[in-house]
Amino acid sequence: MTIALLVEQLINGLQQGLMLFLMAAGVTLVFGIMRLINLAHGSMFMLAAYVAVAVFAATDSYLLAFIVALAGISVLAMLLELAIFRPLYARGHLDQLLASFGLVLVFNEIAVMVWGREPLYLSIPPLLSGQVEILPGVPYPVYRLAVSALAIAAGLGLWLILSRTRLGMQMRGGAERREVMEAMGVNIRAIATMVFGIGACLAGVAGLMTAPIMPVQSGMGDPILILTLVVMIIGGVGSLRGALIAALIVGVVDTFGRILLPQLIGLNAGSALSNMVIYVLMAVVLVIRPTGLVRSAT
Amino acid sequence: MTRDLRWPAFVLLAATAFALPFIGDSYIVQLATRMLIFGMAALGIDFFLAYVGQLSLGHTIFLASGAYLTALLTMAGLESALLVWPIVLLGVALLALAAGMLALRTGGLYFIMITLAFTQMLFFFLQSQRGLGGDEGFSVPQRNTLPLLDLSDPRNLYLLVLVLLLGVIGLIAWIRATPFGAAIEACRDNAQRLSAMGLDPYGYRLSGFVFSAVIVGLAGILYTNNTLYLTPALSGWYLSGELLMMVILGGSGSLLGPVLGAALFVLLQEQLSHITPHWMAGLGALLVARVMLMKDGFWNVLARRLGGDDSHS
Amino acid sequence: MTAILETRALRKSFGGLVVTRDVDLTLEEGETHALIGPNGAGKTSLVNLLSGTLSPTAGDVLLAGEIITRLPSHRRARRGLARTFQISTLFDSFTAEKSLVLALLARQGHCYRLGRMAGFSCLRDEARRLLDLVGLTGRNLVPTASMSHGEHRQLELALALAASPKVMLLDEPMAGLGGEETAKMIELLRSLRGRYTILLVEHDMDAVFALADRISVLAEGRLIATGSPADIRSNAGVRQAYFGDDDGD
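Protein chains in written order, with our numbering: chain S, 1 to 298; chain G, 1001 to 1313; chain X, 2001 to 2249.
Below is the structure:
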């Protein structure tokens, strides 16, 4: 394996890690405040990609496609919170999980009804097609760099919201000391709605990052959702820092596993194992640290 | 309080089930076999949910491993059910022991996520097996054989599945009446008290996990014998969700609830798919509606009426 | 007199917060030893350290001369350490009798048994005797969830007694009881005096002075005094630390 390939794959891995982090951040925020795992988070990822494809097809504007997709998905998530999840906070995990599972089935089928079973593709903006040399002799697609920049920007935006705004302070407070916040007159319910919106927006960014490199099709969000949960398990459920570290590790390990294993142990066994590498990683982490790499504050 | 009508209802249902192969055509018999097999799997999952008190999204691992092991052994030339089935159940139990020892070190939502990840892991493993047809799956040449009972006749297979299902129902009822079952339910109610009494909750949770997995594994064995065709989707998390949906349609924590829920689910799936190719949306909406609008499954609601007050049948 | 339960320089901290500071506590065999102290003094933390619900940052716990510091709660319970909880910790879906039969079976160290629960008729008789003892006569088939708070406190005690323990840690057995119920509970505990070694955590000073052979006082996680009820009543340090800024409830 050449240095050039190594560098290229490392960046690919980190990029996948960033995408997973954006997904995990949304699930973690909702989990932190409402103690709920929303399986339909993967549907937000999928719907954002679909909406972007559709809006682009209609308007030929990437900017408009991105804005409509992100705004639409955030509003949808807030409506879901109000209509479906809010009445379920007082119920057990089973009801919450199954309601969100029901939503996954509904959204996947709606995608089929509206956009059909054939996968769609979002073409790469001409401005970002082409390649640049990131190191001498290592060409890299401009688009992928732009996507990484977008992910980092979204991550920074989240960090700014959490650390610099009143809402962010309340979100962090709500995750740690719910009763105290409520006693102080903070409206936890309104915050929960906002958190669903912000989480879905991040999932939307992840979906938009992926749309040009992966076929957009019904159910595309579901494997990503499970990868996201693996990231959270490895990182320590409830911890954003843990999610970031674990997401980058999972992204890199997954990417290199897919390339190295078939070379090391033969094509058949290698490709069989490469899909499972991160699950093995998860199992190892569970043996050593059952509560994940980073102990959560909550 | 009115008279307890739950036993008469149970006897009536069982009698109908036994009469079915003699009055229904082969389509009905096959549909009913499917209902009973999923009913058994739902029952196994509900044992863990209702009595051990934890939610697992990973029990399709045991459905799939039971089914695949049966298929592989059969294709390797072992045909006798009396030989294959115990081996498969043992294999499933060992797998459950390993998975349980890892996953049960945690609890609650963490546990749910880990079990979900485990099923995905098995899914990818099965999908990547080129020899087993990858995504497309593969067909199994024949059913297992039993002395005296010809399983190639669908009616005989149906009756066997029915008897085994009743056996599992009886087994669960019996376990619940023993100190072992009481300890399992005690750690659901209050693990702290259980350890203050000198009992280690982990051991009871783990054995409850293995027991429920073996029931689901038996359903997997029967699944292979019924459909003679396996795909990796058997280990997918959709099926995990659907099995839980069967449980809550009928009602958790009762012996008939999951079985009747499974029957209703299979029937709905069958009927909806005749009406529209988008039947998944209908099932999803039904699931959301059941969770939002009803406090319990239909059998539990009915059983409370039949029995006066208590929900446990 | 021999020490049956002992702590040596026992310490527990959560980050910077020290809840138990180098506590040396000794329970003599057969005594009723009260543990008092203002709210937040660390009484329940100490009980949790003794029972194994918490593990200490430093120091040791000894039961009958053997170090049990690293044993999990269920192993300590098997060695004869029983406890009640300040907030009732019961099997809500069980009847009182079923809970007690399970507790009696647990004395053998495991419940991997597949006979019928209802078949253990001698244990059911024993369970009923325990229910009679704590004042729950005739309540054996009532589900725990539909019992009153007072009955929950009585059942807590019955479950601890079912283990035939060497030592019982009673964490505020009178918590939330009315006047008459408290009087009954005091009477009940008085009847157990001398038969069991008891560590009694209690807020009710009348109960403490009526029942205790010795009293230990905890303030800010530190053991500030141990002595007979008369000693404690006259101890100036105790008065200041405890009665001084707290009217003793």
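All C-beta atoms, glycine included, are put in the ideal place defined by N, C-alpha and C.
Look at X:A2210 and X:A2160 and say whether their C-beta atoms are less than 8 Å apart. Here residue 2210 of chain X refers to the residue found at position 210 of the third sequence. Here residue 2160 of chain X refers to the residue found at position 160 of the third sequence. Not a contact, by the Cβ cut-off of 8 Å.
What residues from the segment 1084–1118 of chain G come within 9 Å of chain S, judged by C-beta to C-beta, listed N to C? L1102, A1103, R1105, T1106, G1108, L1109, Y1110, I1112, M1113, I1114, L1116, A1117, F1118
Give every residue of the same chain whose Cβ lies closer than 6 Å to the Cβ of X:G2248, excluding the five residues on either side of it in the sequence, and list them in chain order. Taking the first residue of the third sequence as 1, we reach residue 2248 of chain X at position 248. Only weak support exists for where X:G2248 lies, its pLDDT of 40 falling under 50; the coordinates are left without a value.
With DSSP as the reference, identify every bridge partner of X:K2012, one or two as the case may be. For the purposes of this step, residue 2012 of chain X is identified with residue 12 of the third sequence, where counting begins at 1. X:K2012 is bridged to X:T2020.
Is the Cβ of G:W1299 closer than 8 Å to any Cβ of chain S? Residue numbering aside, residue 1299 of chain G sits at position 299 when the second sequence is read from its first letter. No, because no Cβ of chain S sits closer than 8 Å to the Cβ of G:W1299.
Starting from S:P290, trace the beta strand (DSSP E) both ways and give me its first and last residue. Reading the first sequence from its first residue, position 290 is the one you call residue 290 of chain S. Where S:P290 is concerned, there is no enclosing beta strand (DSSP E), given that its DSSP letter is neither H nor E.
Boundaries (first-last residue) of the alpha helix (DSSP H) holding X:T2044: As a working mapping, residue 2044 of chain X is identified with position 44 in the third sequence. Per DSSP, X:T2044 belongs to the alpha helix (DSSP H) from 2043–2051.
So what does DSSP say about G:S1311, is it helix, strand or coil? By one-based count along the second sequence, residue 1311 of chain G stands at place 311. For G:S1311, the pLDDT reaches just 42, beneath the cut-off of 50, and the residue's location in the model is therefore unreliable, although a value from the coordinates is still provided. In the structure shown, G:S1311 sits in coil (DSSP, three-state: anything other than H, G, I, E or B).
Give the residues from the segment 1281–1306 of chain G that approach chain S closer than 9 Å (Cβ to any Cβ), ordered along the chain. A1281, G1282, L1283, G1284, A1285, L1286, L1287, V1288, A1289, R1290, V1291, M1292
Which whole-angstrom value describes the C-beta separation of S:P139 and S:E133, a residue pair presumed to lie in contact below a C-beta threshold of 8 Å? Here residue 139 of chain S is taken as the residue at index 139 of the first sequence, counted from 1. Here residue 133 of chain S is taken as the residue at index 133 of the first sequence, counted from 1. With 8 Å as the limit, S:P139 and S:E133 qualify as a contact, their Cβ atoms being about 6 Å apart.
Which chain S residues are close to G:F1124, counting only those with a beta carbon under 7 Å from its beta carbon? Against the second sequence, residue 1124 of chain G aligns to sequence position 124. N275, M276, listed in chain order.
Report the three-state DSSP secondary structure of X:H2152 (helix, strand or coil). Taking the third sequence and counting its residues from 1, the one referred to as residue 2152 of chain X is at position 152. In the structure shown, X:H2152 sits in a helix (DSSP, three-state: H, G or I).
Taking X:L2114 as the reference, give the member of G:F1180, G:G1100, G:L1126, G:T1115 with the closest Cα. Residue numbering aside, residue 2114 of chain X sits at position 114 when the third sequence is read from its first letter. Taking only the C-alpha atoms, the option nearest X:L2114 is G:F1180.
If we ignore side chains and look at the alpha-carbon of each, how far apart do G:M1001 and S:V237 end up? Residue mapping note: residue 1001 of chain G aligns to position 1 of the second sequence, counting from 1. Residue mapping note: residue 237 of chain S aligns to position 237 of the first sequence, counting from 1. Residue placement at G:M1001 is poorly supported in this model, since its pLDDT is 42, which falls under 50; the coordinates still yield a value, given next. Distance between the alpha carbons of G:M1001 and S:V237: 48 Å.
Proximity of S:F21 and S:A247 at Cβ, strictly below 8 Å: For the purposes of this step, residue 21 of chain S is taken as the residue at position 21 of the first sequence. For the purposes of this step, residue 247 of chain S is taken as the residue at position 247 of the first sequence. Yes, the Cβ-Cβ distance between S:F21 and S:A247 is below 8 Å.
Could you say which of X:S2146, X:A2230, X:G2221, X:Y2196 lies nearest to X:G2037 if we only look at CA atoms? In the third sequence, residue 2037 of chain X corresponds to position 37, counting from 1. Measuring from the Cα of X:G2037, the nearest candidate turns out to be X:G2221.
Separation of S:A200 from G:M1197, as counted between CA atoms: In the second sequence, the residue the question calls residue 1197 of chain G occupies position 197. In the first sequence, the residue the question calls residue 200 of chain S occupies position 200. Each residue's Cα considered, the two are about 46 Å apart.
Just checking: is the beta-carbon of G:S1128 within a distance shorter than 8 Å of some beta-carbon in chain B? Here chain B cannot be found, since the structure's protein chains are S, G and X.
Determine the contact status of G:M1280 and S:E109, defining contact as a CB-CB distance below 8 Å. As a working mapping, residue 1280 of chain G is identified with position 280 in the second sequence. As a working mapping, residue 109 of chain S is identified with position 109 in the first sequence. Yes, these two residues count as a Cβ contact at 8 Å.
Neighbour list for G:I1248 in chain S, Cβ cutoff strictly below 9 Å: The residue given as residue 1248 of chain G occupies position 248 in the second sequence. What G:I1248 touches in chain S: L94, D95, L98.
Given a cut-off of 8 Å on the beta-carbon distance, is the pair G:Q1289 and G:A1042 in contact? As a first step, residue 1289 of chain G must be located in the second sequence, where it is residue number 289. As a first step, residue 1042 of chain G must be located in the second sequence, where it is residue number 42. Residue identity differs from the one stated: residue 1289 of chain G is Ala in this sequence, not Gln. No, these two residues do not count as a Cβ contact at 8 Å.
Can you tell me the Cβ-Cβ gap for G:A1081 and G:N1144, rounded? I've got them flagged as a contact below 8 Å. Position 81 of the second sequence, counting from 1, holds the residue named residue 1081 of chain G. Position 144 of the second sequence, counting from 1, holds the residue named residue 1144 of chain G. The pair is a contact, with the Cβ atoms about 4 Å apart (cut-off 8 Å).
Return yes when the C-beta of G:P1179 is under 7 Å from any heavy atom of the ligand MG, and no when it is not. By its list of ligands, the structure shown contains no ligand whatsoever, and the ligand MG lies outside what it can speak to.
Rounded to the nearest angstrom, how far is the Cβ of G:L1287 from that of S:F101, given a contact under 8 Å? Sequence index remark: in the second sequence, residue 1287 of chain G carries index 287 (1-based). Sequence index remark: in the first sequence, residue 101 of chain S carries index 101 (1-based). Sure, about 7 Å apart at Cβ, within 8 Å.
Any chance the segment 246–264 of chain S sits against the segment 190–206 of chain S, with 3 or more Cβ pairs inside 8 Å? no
Assigned exposure category for G:W1085 - 16 Cβ within 10 Å defines buried: Looking up residue 1085 of chain G in the second sequence gives position 85. G:W1085 should be labelled buried.
With C-beta atoms as the reference, is G:I1061 less than 8 Å away from G:L1073? The residue labelled residue 1061 of chain G in the question sits at position 61 within the second sequence. The residue labelled residue 1073 of chain G in the question sits at position 73 within the second sequence. It is not a contact, given that the beta carbons lie outside the stated cut-off.
Go ahead and label G:P1258 buried or exposed: buried means 16 or more other beta carbons lie within 10 angstroms of its beta carbon, across all protein chains shown. Position 258 of the second sequence, counted from the start, is the residue given in the question as residue 1258 of chain G. So G:P1258 counts as buried.
Please classify S:M209: is it buried, with 16 or more other beta-carbons within 10 angstroms of its beta-carbon, or exposed? Position 209 of the first sequence, counted from the first residue, corresponds to residue 209 of chain S. Buried, by the Cβ-count rule.
Less than 8 Å between the beta carbons of S:V68 and S:V51, yes or no? On the first sequence, residue 68 of chain S is found 68 positions in, with the first residue counted as 1. On the first sequence, residue 51 of chain S is found 51 positions in, with the first residue counted as 1. Against a cut-off of 8 Å, the Cβ pair of S:V51 and S:V68 comes out as a contact.
So, using beta-carbon positions, are G:P1141 and G:T1033 closer together than 8 Å? Within the second sequence, residue 1141 of chain G is the residue found at index 141, counting from 1. Within the second sequence, residue 1033 of chain G is the residue found at index 33, counting from 1. No.
For X:V2238, the three-state DSSP class (helix, strand or coil): The sequence position of residue 2238 of chain X within the third sequence is 238, counting from 1. Here X:V2238 sits in helix by DSSP.
Of the residues X:S2099, X:G2040, X:H2152, X:D2060, the one placed nearest X:L2025, counting alpha carbons only: Counting from one through the third sequence, the residue named residue 2025 of chain X turns up at place 25. Here the closest residue by C-alpha is X:D2060.
Could you check what DSSP says for G:V1266 in three-state terms: helix, strand or coil? Looking up residue 1266 of chain G in the second sequence gives position 266. Here G:V1266 sits in helix by DSSP.
Give me the Cα-Cα distance between X:T2137 and G:L1260, rounded to the nearest whole angstrom. The residue you call residue 2137 of chain X lines up with position 137 of the third sequence. The residue you call residue 1260 of chain G lines up with position 260 of the second sequence. If you take the alpha carbons of X:T2137 and G:L1260, they lie about 41 Å apart.
Neighbour list for X:L2102 in chain G, Cβ cutoff strictly below 9 Å: Your numbering for residue 2102 of chain X matches position 102 in the third sequence. P1179, A1182, A1183, A1186, L1194, M1197, L1199, listed in chain order.
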